[in-house]
């Protein structure tokens with residue numbers, strides 16, 4: 565006796581969906597030189613963005629980061645890539661003359677990070693065509 569056709573379709577659908585993907589958390593700290601783990605943080609925010617995939621959080625420890633950053637890949641509707649200031653609003657400062665943040669990808673969230681363009685000529689935040697669903701929060 566064979567399996568009912570509906571059971572075969574259900575099994576195929578479950579296999580296609582696969583196991584849920586768990587999000588990672590990457591860490592950045594001033595002077596860091598590690599692999600992005602909590603105990604060995606990256607030293608640059610850009611390194612955290614390069615490591616992050618959909619649903620991941622880049623947790624930035626308090627400090628000033630003199631760099632300009634650019635998104636690397638998109639998040640997704642239910643799993644944005646999140647850039648988060650660990651110490652709360654104002655504890656993390658990204659600073660560069662002119663452009664500090666360039667967003668080229670969708671589903672990206674920035675929380676609690678001060679973005680300082682130092683009165684440069686370029687736009688401090690540059691949001692481009694593919695950058696749908698960008699969220700900037702001061703919390």
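Residue numbers (our numbering): 565 to 703.
Positions of the beta carbon are idealized from the N, C-alpha and C atoms, including for glycine.
Where residue i sits in the DSSP three-state scheme
| i | result |
| --- | --- |
| residue 692 | coil |
| residue 703 | coil |
| residue 664 | coil |
| residue 680 | strand |
| residue 706 | For residue 706 there is no data in the structure shown, the boundaries of the chain being 565 and 703. |
| residue 575 | Caution is warranted here: a pLDDT of 46 is assigned to residue 575, below 50, making its placement in the model unreliable, and the coordinate value is therefore given only provisionally. Residue 575 falls in the helix class under three-state DSSP. |
| residue 583 | Unreliable placement is indicated for residue 583, whose pLDDT of 46 sits below 50; no coordinate value is reported for it. |
Residue j beta carbon less than 8 Å from that of residue i
| i | j | result |
| --- | --- | --- |
| residue 665 | residue 679 | yes |
| residue 618 | residue 586 | no |
| residue 609 | residue 636 | no |
| residue 611 | residue 653 | no |
| residue 647 | residue 689 | no |
| residue 590 | residue 623 | yes |
Buried versus exposed, by CB contacts within 10 Å (16 or more), residue i
| i | result |
| --- | --- |
| residue 620 | buried |
| residue 687 | exposed |
| residue 696 | exposed |
| residue 671 | buried |
| residue 597 | exposed |
| residue 677 | buried |
| residue 600 | buried |
| residue 649 | buried |
| residue 685 | exposed |
| residue 604 | exposed |
| residue 681 | buried |
Exercise. Considering only residues of the segment 586 to 659, which uninterrupted alpha helix (DSSP H) runs meet the minimum length of 4 residues and lie entirely inside it, listed in chain order?
Worked result: 609 to 615
Exercise. Between the segment 623 to 634 and the segment 652 to 660, are three or more C-beta pairs nearer than 8 Å?
Worked result: yes
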